[in-house]
Amino acid sequence: MRPTAIALLTLSLSSPALVHADTSDGSALIGQDWDTIVEMARGGEVNWFMWGGSDTINRYVSDYVGGVLMDDYGITLNRIGLTDTTEAINIVLGEKEAGVTDAGAVDMIWINGENFRTMKQAGLAWCGYTETLPNNVLIDWSNPAIANDFGVPVDGCEVPWNRAQFAFAYDTARTDSPPRSIPELLDWIRANPGQFTYPAPPDFNGAVFVRHVFYHAAGGVEGLLGDFDQARYDAAAAATWDILNEIEPFLWREGATYPTSITQLNGLFANQEVAFTFDYDPSQFGLGVQSGQYPETVMSYGLTDGTIGNTNYTIIPFNSPNKAAALVLQNVLLSAEAQLEKALPEVWGTVPGIEVDRTSAEIQTAFAGIERHPSVVDPTELAQNALPELQAGWISAIEQGWIENVGR
Amino acid sequence: MSEHLKTLLRLAPALTVIGLLFFGGLVMGLIRSVNYMPVIGLTQPNLDAYRAVLSDPDFLRSFGLTLHISLTSTILSAVLAVSAALLLRRSFAGRRLATFLFQLNLTVPHLVGAIGILYLFSQSGSFARLAHAAALIDRPAEFPALVYDPNAIGIILQYVWKEVPFIGVIVLANMQAIGQDYEAVARSLGATRWQAIRHVLLPQIWPGVLSASVIVFAFTFGAYEIPALLGASYPAALPVLAYRSYTDVDLASRPEAMAMAMVIALMSAAMILIYTRAARRRGGR
Chain A
15 MRPTAIALLT LSLSSPALVH ADTSDGSALI GQDWDTIVEM ARGGEVNWFM
65 WGGSDTINRY VSDYVGGVLM DDYGITLNRI GLTDTTEAIN IVLGEKEAGV
115 TDAGAVDMIW INGENFRTMK QAGLAWCGYT ETLPNNVLID WSNPAIANDF
165 GVPVDGCEVP WNRAQFAFAY DTARTDSPPR SIPELLDWIR ANPGQFTYPA
215 PPDFNGAVFV RHVFYHAAGG VEGLLGDFDQ ARYDAAAAAT WDILNEIEPF
265 LWREGATYPT SITQLNGLFA NQEVAFTFDY DPSQFGLGVQ SGQYPETVMS
315 YGLTDGTIGN TNYTIIPFNS PNKAAALVLQ NVLLSAEAQL EKALPEVWGT
365 VPGIEVDRTS AEIQTAFAGI ERHPSVVDPT ELAQNALPEL QAGWISAIEQ
415 GWIENVGR
Chain B
-14 MSEHLKTLLR LAPALTVIGL LFFGGLVMGL IRSVNYMPVI GLTQPNLDAY
36 RAVLSDPDFL RSFGLTLHIS LTSTILSAVL AVSAALLLRR SFAGRRLATF
86 LFQLNLTVPH LVGAIGILYL FSQSGSFARL AHAAALIDRP AEFPALVYDP
136 NAIGIILQYV WKEVPFIGVI VLANMQAIGQ DYEAVARSLG ATRWQAIRHV
186 LLPQIWPGVL SASVIVFAFT FGAYEIPALL GASYPAALPV LAYRSYTDVD
236 LASRPEAMAM AMVIALMSAA MILIYTRAAR RRGGR
């Protein structure tokens, strides 16, 4: 009995090393021949922590991406769903505190903005490997909107996955003509009490809505670009809180409470309690209609004074033990085929993070032939009035300011 | 000695798990709460986080709200549970079925119950739709705000729904063990029915009611998921506030999150103390 137990224990301890190599040492991988990396990754697994609130996205990742990884590379993809990306960062941070430098639980995180800044600041990201990926050639690093994540230089610490631009949605059966700019929206709210609200920051989408009002109050985004500036912030913030407090009595529940998540706002919209919802990823509205959450009369649209756009990325923590498998996963995600699949409206319908004109002729034709879901606003039309994201310092200050001046 | 050692050895696995996972986590939290977190450059332990938290009006409002939720839910649940137990201990046709139905939601998870409350009581929920069909209201906003409301009505509804059978089952078992003989004696000596309950039965079941209520209070004080699902955006219940602070993108707010968690743990520990005192008093009788 006892020798068996010891034998089993020894086997279970040593077996991971027998199956595939520990690739926690990132410096050994950078610049390495790609076929060697693929061989090192073969037979292993990769733990990808990502926001898990969309069934369609989850299905694309688990079934399509997981399928390619298993079939072509023998790698098992474990998708770990999160409600808040910060949870994954807390894990990596806790591991760093505990001195776990080569056996972390997290191999990859879907990330951008403030969370990226946090990881970079605390030295939690593995950097400098992007040139090693064969599909790196499809990324346009000369585009500042890709080389900077919410104003923070990427510096080879993450690779783009999707691009997104904020859009509003309304139900044509209930609302005749939606307000097409922030001033029009504010007028509409005053004229239609109780039919508009937004999720309380720090909800991601709620915070983006507040930034649109902030840009409006500041008289445009131009004066807000660059590093955080207290004086410029104070001026614009005071005006923003005035506007948001002034419209508060006209909001859902007279502004006594706000939804705490975008999911809750979507529920209120679906149940006709409010007339509008919005999302950083307009493809969600098409998916909502397909799943039956919204009626077919729901349409998404942009604003004439612009809506905010961003790029989102995947990052590998410094202590990932499966860096080779994570690299293979990133390379698959960046591949023209995977980006095409993800762009299909019935799969996800998101805007690719790669340059489509750098892909093969067939792929380009396929991209051109994609039919958008009728409820999803045309991304090219949306992109004509695109606003940049602010640097993370601004974003934190606006969220905190909202909680202190409006949320209370 | 050897028997003693054996007992300790047998307990070792359970104690290790509790010691490592529970107290280990608690100690880690305590260390972080005193601003010691070398990984983000905090190396001088101090009580700044506690000072900041305890002087923060948001924290105090959340504390007040959480106290309101716990006290109201516990008192309502206890009163309803004792009343229900008094009815269920009688013999009547269908008593078995009634007792079964009474205990049924003990097995339903809190989260499922919360979604049920949402479906029934929200302004676009089933009751609002019925009210609309009966032409009582025109728009969802006219239905009273019972969930996501600052008075936490939805949260309390959910807790009462879930905890009444919990306290009820304990009290009912208690009552059945005591039997009705003492009350019968009191009645034969001229006590009214109410007097028999008030002066004979209640003192006997009181320790049971108290210890069950303390468990409910401690649970509702520290539970996160129900206020997260059914609560208003502001003020948030204490566990929700602590979690928000823990997931704040600013790493510097971690010590404050831990300080809040410590305050919650302290409250729960105080409750356990009261509970063991009450249980001991009952044992001493």
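Those protein sequences? They're chains A and B, same order as listed. This note's numbering puts the first sequence at residues 15 to 422. This note's numbering puts the second sequence at residues -14 to 270. Virtual Cβ for every residue (Gly too), placed ideally from N, Cα, C.
Beta-bridge partners of residue i, as assigned by DSSP
i: Y315/A; result: F182/A
i: F290/A; result: Y184/A
i: I322/A; result: L401/A
i: A139/A; result: P331/A
i: E59/A; result: T90/A
i: W179/B; result: Bridge partners of W179/B: none, in fact.
i: T37/A; result: N336/A
i: D163/A; result: V166/A
i: R276/B; result: In the structure displayed, chain B extends from -14 to 270; residue 276/B sits before or after that span and is not available.
i: P174/A; result: Y327/A
i: I27/B; result: The question names Ile, but residue 27/B is Leu in the sequence shown. M22/B.
i: V365/A; result: R177/A
i: M64/A; result: G95/A
Residue i, enclosing alpha helix (DSSP H) - first and last residue
i: T50/A; result: W48 to A55
i: V170/B; result: D166 to S173
i: I140/B; result: I138 to I163
i: P224/B; result: L223 to Y231
i: N72/A; result: D69 to R73
i: Y78/A; result: Segment: none, Y78/A is in no alpha helix (DSSP H) and carries neither H nor E.
Buried versus exposed, by CB contacts within 10 Å (16 or more), residue i
i: V2/B; result: exposed
i: I384/A; result: exposed
i: E(-12)/B; result: exposed
i: E145/A; result: exposed
i: Y184/A; result: buried
i: Q405/A; result: buried
i: M122/A; result: buried
i: M22/B; result: buried
i: K337/A; result: buried
i: M252/B; result: buried
i: G216/B; result: buried
i: T379/A; result: exposed
i: I102/B; result: buried
i: G240/A; result: exposed
i: K356/A; result: buried
i: W179/B; result: exposed
i: A350/A; result: buried
Rounded distance between the beta-carbons of residue j and residue i, thought under 8 Å
i: N324/A; j: E403/A; result: 5 Å
i: Q108/B; j: F128/B; result: 5 Å
i: L65/B; j: V145/B; result: 7 Å
i: A102/A; j: N206/A; result: 40 Å between Cβ atoms; not a contact.
i: N129/A; j: T100/A; result: 6 Å
i: A178/A; j: T364/A; result: 7 Å
i: P220/B; j: L50/B; result: 5 Å
i: M245/B; j: F44/B; result: 7 Å
i: E287/A; j: P125/B; result: 5 Å
Endpoints, the beta strand (DSSP E) within which residue i is located
i: G95/A; result: T90 to L96
i: I123/A; result: M122 to I125
Inter-residue Cα distance where the pair is residue i and residue j
i: W416/A; j: N159/B; result: 52 Å
i: A70/B; j: V156/B; result: 7 Å
i: A231/A; j: I196/A; result: 10 Å
i: L32/A; j: A55/A; result: Residue confidence for L32/A is low, a pLDDT of 41 falling below 50, so the modelled location carries little weight; the figure read from the coordinates is stated next. If I take the Cα positions, the gap works out to 13 Å.
i: P215/A; j: A120/B; result: 36 Å
i: T50/A; j: P148/A; result: 13 Å
i: F151/B; j: L(-4)/B; result: 29 Å
i: D293/A; j: Q209/A; result: 17 Å
i: T92/B; j: G207/B; result: 20 Å
i: R275/B; j: Q161/B; result: Not covered by the structure: residue 275/B. The range shown for chain B is -14 to 270.
i: G57/A; j: G81/A; result: 14 Å
i: V106/A; j: N150/A; result: 26 Å
i: G234/A; j: R225/A; result: 11 Å
i: S410/A; j: F85/B; result: 52 Å
i: G220/A; j: G118/A; result: 32 Å
i: I160/A; j: I257/B; result: 54 Å
i: Q200/A; j: T70/A; result: It should be pointed out that residue 200/A corresponds to Leu in this sequence rather than to Gln. For L200/A and T70/A, the distance between alpha carbons rounds to 33 Å.
i: Y247/A; j: D319/A; result: 20 Å
i: Y74/A; j: L82/B; result: 48 Å
i: D169/A; j: E369/A; result: 19 Å
i: L115/B; j: G153/B; result: 31 Å
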